[in-house]
Amino acid sequence: MTRYLLKRLGGAAGVLLVLSVAVYALFYLVPGDPARLACGDRCSTQQVEQVRERLGLEDSVVAQYGEFLRGVVAGRDYSTGTAVLHCDAPCLGFSYKTDQQVTQLILERAPATLSLALGAMVLWLVIGVGTGLLSALRRGGITERALTVLTLAGTGTPVFILGLLLLMLVCAYLRWLPFPSYVPFTDDPEQWAWNLLLPWLTLGLYESAKYARLTRGSTLETLAEDHIRTFRAYGVGERAVVARHALRGAVPPVIALSALDFGTMMGGAVLTESLFGIPGVGKTLIDSVRQVDLPVVVGVVLVVGVAVVLANVVADLLYAAADRRVALL
Amino acid sequence: MTTTPEPRLAAASPPGSVPAGDAAAPAAAASGARQVWRRLRSRPSAVWSAAVLGLLVVLALAAPLLAALEGQDPDTYHDALVDSARGGVPIGPLGGVSGDHWLGVEPGTGRDLFVRLLYGARVSLLVAVGATVVQVVIGVLVGLAAGLGNRLVDSVLSRFTDVMIALPMLVLAIALTAVVPAGFPRPVLLVLVIGLLNWGGTSRIVRAQTLTLKQLDFVAAARLGGSGRWRVARRELLPSLAAPVITYAAILLPSNIVIEASLSFLGVGVKPPTPSWGQMLSTAQVWFRADPMYVLLPAGLLFVTVFAFTVLGDAVRTALDPRAAGRLGVGRRGKRGPRGPRKAVAATGAAPETTSATAPAPDSTPGSVPAPVSGSAAPPPGPGPASAPPHHDAPEDPAS
Amino acid sequence: MTELNDAPEPNDPTEPGGPTRPPTNPGTAAEPLVRVTDLTVEFTTDEGTAPVRAVDRLSFTLAAGRALALVGESGSGKSTVASALLGLHRGTGARVGGTVRVGGTDVGAATDRELRALRGAVAAMVFQDPLSSLDPYYAVGDQIAEVYRVHTAATRRAARARAVEVLDRVGIPDAARRAHARPHEFSGGMRQRALIAMALACGPRLLIADEPTTALDVTVQAQILDLLHELRQETGMGLLLVTHDVGVAAESVDDVLVMREGREVERGPVADLLGAPRETYTRTLLAAVPRVDAPLTRGPEPAPEPESAGEVLLEAVDLRREFRRGRRTVTAVDGVSLTVRPGETLGVVGESGSGKTTLGRMLVRLLDPTSGRLRYRGTEIGAASEKELRPFRRELQMVFQDPASSLNPRRSVGESVADPLRAAGALDETRIVRRVRELLERVGLDPDRYDRYPHEFSGGQRQRIGIARALAAEPRLIVCDEPVSALDVTTQAQVTALLAELQRELGLALVFIAHDLAVVRQVSDRVAVMRGGRIVEQGTVAQVYGAPADPYTRRLLAAVPVLDPAHAAARRSARGELPREMAAV
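Line by line, the protein sequences are chains A, B and C.
Per the working numbering, the first sequence starts with residue 29, numbered consecutively.
Per the working numbering, the second sequence starts with residue 6, numbered consecutively.
Per the working numbering, the third sequence starts with residue 3, numbered consecutively.
Here it is, written out as structure tokens:
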């Protein structure tokens with residue numbers, strides 16, 4: 029088990045290394061002068077040169093990447109002639125626009141993203157799995173037909189359409205809620221929840237369609253298996269057969285997929301955050317892309333990479349724990 | 006040896022005896038394209054979704070004609086049609102619907118909405134189809150190479166595929182669009198970005214299918230008959246790969262439409278003045294109180310398109326593999342045909358079977374196990390279930 | 003379902019309570035345990051075709067404590083009958099007519115509740131595939147306990163104790179500990195024991211066993227059949243055995259009912275029916291069953307063609323093959339040496355996991371040997387590259403086990419057979435088609451079905467097509483890997499006859515791999531017995547079957563079911579005296 033974990037984490041580190049190389053190469057080899065970008069349009073040539081020196085842009089690409097990597101592991105110093113700018117251990121550089129440390133920037137934005145993802149996950153587990161089960165059990169009825177159409181429609185609907193319609197309906201017409209604006213949990217838990225209600229609903233409903241399909245599929249698959257017949261043939265009631273045996277088969281994939289989705293969302297539910305103006309990691313990404321703030325873009329992509337890779341490891345572990353037949357090699 | 010008189014023709018097996026396997030010939034049900042067509046046509050959902058999509062394609066193709074018919078073009082501003090005092094809300098009912106502007110005008114600019122929606126359809130369909138083609142081509146090539154190559158090739162390619170699947174494609178796509186020079190044609194860029202980032206699912210399915218097929222006896226028989234590697238691939242493998250690839254492409258297409266719309270919504274996709282549904286919806290965020298039509302029209306079109314594609318994809322999947330669909334109760338409901346008794350088949354796998362607490366047979370791991378990045382817990386090189394369609398592993402979601 | 007015309011009778015609802023065995027109900031004492039009257043089961047197929055009648059007006063009774071076998075080939079409807087006894091067709095869309103009474107309950111008219119009380123407590127079922135019949139997620143003991151608690155008011159703890167008790171009873175060693183194991187941690191034989199334990203849990207009066215040993219090796223099969231016999235003697239429960247294997251029936255039951263196409267062909271006491279069948283179909287069926295005690299039909303010595311006497315076609319020396327399983331290495335074939343002479347048949351027999359299939363595939367070089375030598379007509383081909391192999395490829399052919407996977411479902415059968423001809427490139431199109439038609443005709447198929455697809459053929463016909471394809475390459479040696487094990491017994495006999503005929507005609511050498519000792523005996527000149535990747539014994543058929551030297555061979559032979567019930571009983575008691583060293587399989 030420990031051995032497996034070490035192996036997986038080693039593999040994950042390898043993946044991240046490859047990703048960092050690819051991302052670094054892509055973003056620093058693109059046309060355009062990074063020093064000019066970092067400094068801004070109103071910089072003089074001299075100032076640009078200063079920035080170039082501070083960022084070490086004169087060095088070879090490989091050396092620059094080495095520095096970058098060293099910064100991530102051990103932190104690094106940027107020296108501008110006299111002044112030395114220190115950047116702490118997981119150093120992803122400084123934002124071109126705000127001169128803030130990228131790591132710090134992302135950490136500041138993480139709670140909003142986490143809030144959004146957690147609430148959404150609760151919703152998709154309840155609504156999605158519930159709907160899936162219901163439609164698996166009410167096979168042949170009108171309930172199933174309706175649910176099938178609903179989930180099919182839900183699978184395809186882009187999340188921002190769902191969000192926009194909810195906004196229109198709930199905030200503009202019914203006026204049940206004011207237009208949401210993010211309030212940190214630490215400031216006011218109640219306001220935090222009220223303001224996140226709509227984003228949660230949007231993301232949760234959107235993901236629910238996928239989970240409903242998954243749950244329905246695995247439940248039906250299990251119901252068709254031979255061991256279900258065994259328990260029916262032994263007089264076990266239909267409800268017990270479904271609850272104990274059919275449902276059990278649906279659990280591992282749902283758990284594993286949830287872990288994966290949660291991980292991906294930690295990298296920012298870009299569309300939802302952007303639509304509701306939630307200052308999370310995803311919003312940061314899209315803002316920095318608009319401003320061509322390359323260090324932040326690189327940083328976010330790498331952080332997302334870490335989240336996803338870890339989520340994969342967790343998903344596999346959970347899957348193996350839920351389905352004991354899977355041996356961790 | 007007791008030599009019974011050699012039976013001829015149908016007498017080879019006792020009449021009426023239905024040998025096991027007859028009912029379960031792998032993919033036999035999907036053999037004829039004509040049969041698939043017939044099954045598709047017999048499903049009302051398939052027919053109407055195809056009709057909707059057909060209409061959409063015709064409208065998109067005929068956009069210039071229809072624009073001429075209406076007497077409008079997508080780029081002309083009509084300041085007179087918007088109420089500048091109220092910030093640019095279209096004048097008139099339902100967002101300025103009139104004989105000249107059939108679906109009203111865009112708030113703020115007064116551009117004709119009908120024509121812009123049609124041109125938006127062109128962009129959406131073009132990008133989605135283009136990206137799907139790129140995904141399928143890369144996916145099939147990589148998957149085939151992994152499935153047919155030696156151990157090293159396979160492990161490198163599969164690991165690469167795993168990474169591609171695991172990476173959050175929307176984030177990467179956003180990031181990539183940031184670094185490409187502004188002069189690069191955006192639709193082409195979108196095709197490339199979506200296509201190059203999202204081929205992993207196809208590749209994985211093709212590889213799994215190839216590995217499964219490779220194990221089947223008819224491939225061994227072809228080798229014994231003197232067929233070389235490429236002859237085997239072309240004659241024995243490719244025809245059987247068509248069904249899962251088509252099925253998967255049918256899932257990819259609507260998902261690519263959504264990705265394009267999402268990127269445009271975020272302002273990193275198609276750039277103005279080229280019209281695009283996602284981009285309209287992005288602008289509409291500001292207008293939805295004053296001009297709901299401006300939200301509802303592009304949203305409705307996008308929804309209908311994606312929904313129709315999804316329904317059609319589902320129907321295609323059912324038509325190509327009715328057995329799997331029947332098992333999942335997708336097609337007909339509640340009924341299950343007679344199950345022929347399983348036949349006596351002593352387990353004689355090519356490799357010694359492992360008893361007790363080892364990994365389960367590959368096919369007992371649900372096909373829906375999410376993509377592991379590396380060294381998966383599920384038995385990695387094991388072939389998946391024969392001709393199993395991608396049940397619920399939808400392609401990369403532009404999550405959130 | 004249920005247009006069952008039910009004669010109102012004092013319906014004594016079986017108490018869903020009896021802790022071990024419900025007391026025999028006085029009201030039903032006179033009634034047989036099972037009474038099936040005019041049972042008809044129809045399945046509606048899709049797309050509006052006529053319903054398939056799986057069982058057609060079948061009637062029979064089974065008295066308490068007696069054992070009846072339903073014997074038939076695939077498609078005879080025998081398993082459908084078994085399911086009908088427990089009302090398992092309810093809710094599946096199948097149409098059931100006639101009456102079925104089990105233990106005093108009218109299965110068709112019973113409420114769901116009554117039916118549940120019947121299932122497991124009065125009549126319990128053992129299924130064919132023990133792995134898929136148990137829930138992979140729960141411990142075996144828990145699953146048995148769950149069933150027990152459904153029918154009794156037992157506490158969780160008492161139910162667990164009962165589970166351990168029955169597991170112990172069916173011969174699971176260290177039952178208390180093993181009860182915590184999940185099904186995949188059991189071997190095939192143990193799983194079937196566990197299923198039987200589940201059946202025993204509530205002390206049913208009737209055990210329905212649907213092909214209970216079909217998925218098992220012959221030695222394990224013998225143990226399971228012995229166990230069933232023992233349990234029956236001990237508890238006095240009735241047995242309804244569904245099987246395709248007449249030998250299994252002969253070992254286990256008092257009466258036999260032969261079914262075909264959903265109808266009864268013949269029924270009677272087992273000795274009478276097997277000894278003196280009245281119906282033609284029964285006679286054909288029995289004649290087709292390969293037997294280890296029938297007189298040998300092939301000459302005691304192979305009759306090599308004069309000019310090739312002593313010549314060796316294929317020689318394997320110390321052949322080994324390893325597979326990597328994660329970090330472990332598994333040796334599938336462990337130093338096998340053998341020779342095949344022109345025109346002879348070498349039988350290779352072994353249980354699952356013995357490495358016989360791996361060996362077969364190495365002989366035709368579909369698999370590369372890890373080490374050892376393989377000489378074909380004097381040329382070393384064990385390590386030859388694909389290119390060096392080319393001249394020999396076509397001379398070494400194979401016929402595969404599974405007729406469903408050995409033909410490409412997307413290519414017409416003619417094209418499949420033509421493949422070797424096209425690959426060779428020696429013939430033009432017209433000649434290829436003509437040759438394929440000849441071959442199809444030669445193996446007993448209509449050449450006009452050239453353009454048909456595999457799913458339009460029956461299993462036996464597909465196997466013929468596979469043989470035609472092998473012949474197209476004009477081989478000298480064909481390795482047949484379980485060529486008949488997926489076929490019904492009458493089809494089996496026809497296919498082996500065809501192979502023998504072709505062999506005589508074309509002077510082919512055959513390597514005949516099978517798990518069925520009787521089939522191998524019937525078709526082979528010489529036999530090699532494999533176990534754990536090694537050949538434990540090799541010799542002529544007369545030697546190996548007549549005077550087996552190796553204890554494993556002896557055990558194998560002792561386990562083969564025989565058709566004579568008296569003989570079977572004698573063998574059973576002989577087996578009982580053997581040390582129970584294999585009990586844990």
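C-beta: ideal position from N, C-alpha, C; glycine also.
Model, not experiment: these values are computed from the prediction.
Proximity test, Cβ basis, 8 Å: Leu229 of chain B and chain D:
Absence of chain D from the displayed structure is noted, the protein chains being A, B and C.
Sort out for me which residues DSSP pairs Glu268 of chain C with in a bridge.
C:Val260
Does any residue of chain B bring its CB to less than 8 Å from the CB of Asn223 of chain A?
no
So for Met293 of chain A, helix, strand or coil by DSSP?
helix
On the CB-based measure, 16 or more other CB atoms within 10 Å of its CB, does Gly291 of chain A come out buried or exposed?
buried
Do Val415 of chain C and Leu423 of chain C have their C-beta atoms within less than 8 Å of each other?
no
By alpha-carbon positions, which one of C:His231, C:Thr347, C:Pro567 and C:Ser189 ends up nearest to Ser526 of chain C?
C:Thr347
Of all the CB atoms in chain B, is at least one closer than 8 Å to the CB of Pro208 of chain A?
no
Identify every run of the beta strand (DSSP E) within the region 365-416 of chain C, keeping only runs that are complete inside it and at least 3 residues long; order them along the chain.
373-378 and 398-401
Can you give me the Cβ contacts of Val366 of chain C inside the same chain, cut-off strictly under 6 Å, excluding the 5 residues immediately before and after it?
Leu398, Met400 and Val481
According to DSSP, Leu480 of chain C sits in a beta bridge with which residue or residues?
The residue asked about is misnamed: residue 480 of chain C is Ile in this sequence, not Leu. Answer is C:Gln399 and C:Leu512, bridged to Ile480 of chain C.
6 Å Cβ shell around His106 of chain B - same chain, five flanking residues per side excluded:
Asp117
Given a cut-off of 8 Å, decide if Pro449 of chain C and Arg439 of chain C are closer than it, judged by their beta-carbon atoms.
yes
Applying the criterion that 16 or more other CB atoms from any shown protein chain within 10 Å of the CB defines a buried residue, is Ile16 of chain A buried or exposed?
Since the first residue shown for chain A is 29 and the last is 357, residue 16 of chain A is missing from the structure and cannot be characterised.
If you draw a straight line from the alpha carbon of Ala84 of chain C to that of Leu209 of chain C, how long is it in whole angstroms?
10 Å
Does any CB atom of chain B fall closer than 8 Å to the CB of Asp336 of chain C?
no
Check this for me: beta carbons of Val237 of chain B and Val196 of chain B, under 8 Å apart or not?
no
Which residue from B:Leu181, B:Asp222 and B:Val311 puts its Cα closest to that of Leu484 of chain C?
Looking at the sequence provided, one finds Glu at residue 484 of chain C rather than Leu. It is B:Asp222.
Under 7 Å by beta carbon: chain B residues contacting Thr312 of chain A:
Within 7 Å Cβ-Cβ: nothing; Thr312 of chain A doesn't reach chain B, min ~11 Å.
Evaluate the contact criterion for the region 243-260 of chain C versus the region 73-89 of chain C: three or more CB pairs, one atom per stretch, below 8 Å.
yes
Of the choices C:Val128, C:Gly548 and C:Ala420, whose alpha-carbon is the least far from that of Thr432 of chain C?
C:Ala420
Would you tell me roughly how many angstroms separate the C-alpha atoms of Thr381 of chain C and Glu507 of chain C, rounded to the nearest one?
26 Å
Excluding five sequence neighbours on each side, which residues of the same chain lie with their C-beta closer than 6 Å to the C-beta of Leu117 of chain C?
Gly89
Interface flag, Met532 of chain C vs chain B, CB-CB below 8 Å
no
Do Leu276 of chain C and Leu565 of chain C come within 8 Å of each other at the CB atom, strictly closer than that value?
yes
To the nearest angstrom, how far is it from the Cα of Pro550 of chain C to the Cα of Val350 of chain C?
15 Å
Let me confirm a value: Leu60 of chain B is counted as buried when at least 16 other C-beta atoms fall within 10 Å, else exposed. Which label applies?
exposed
Grab me the residues of Val521 of chain C's own chain with a C-beta within less than 6 Å of its C-beta, minus the 5 sequence neighbours each way, in chain order.
Pro292
Report the CB separation of Asp256 of chain C from Ala69 of chain C in whole angstroms; it is logged as a contact under 8 Å.
5 Å
If we ignore side chains and look at the alpha-carbon of each, how far apart do Leu351 of chain A and Val546 of chain C end up?
The question names Leu, but residue 351 of chain A is Asp in the sequence shown. Each residue's Cα considered, the two are about 46 Å apart.
Suppose contacts are defined by Cβ-Cβ distances below 8 Å. Is Arg294 of chain B in contact with Ala200 of chain A by that definition?
yes
Which first and last residues belong to the alpha helix (DSSP H) in which Gln284 of chain B is found?
Trp282 to Trp292
Taking C-beta to C-beta, are Leu307 of chain B and Ala266 of chain B nearer than 8 Å?
yes
So, with DSSP's three-state summary, where would you put Glu346 of chain C?
coil
Are the region 177-192 of chain C and the region 53-63 of chain C touching, with three or more C-beta to C-beta distances below 8 Å?
no
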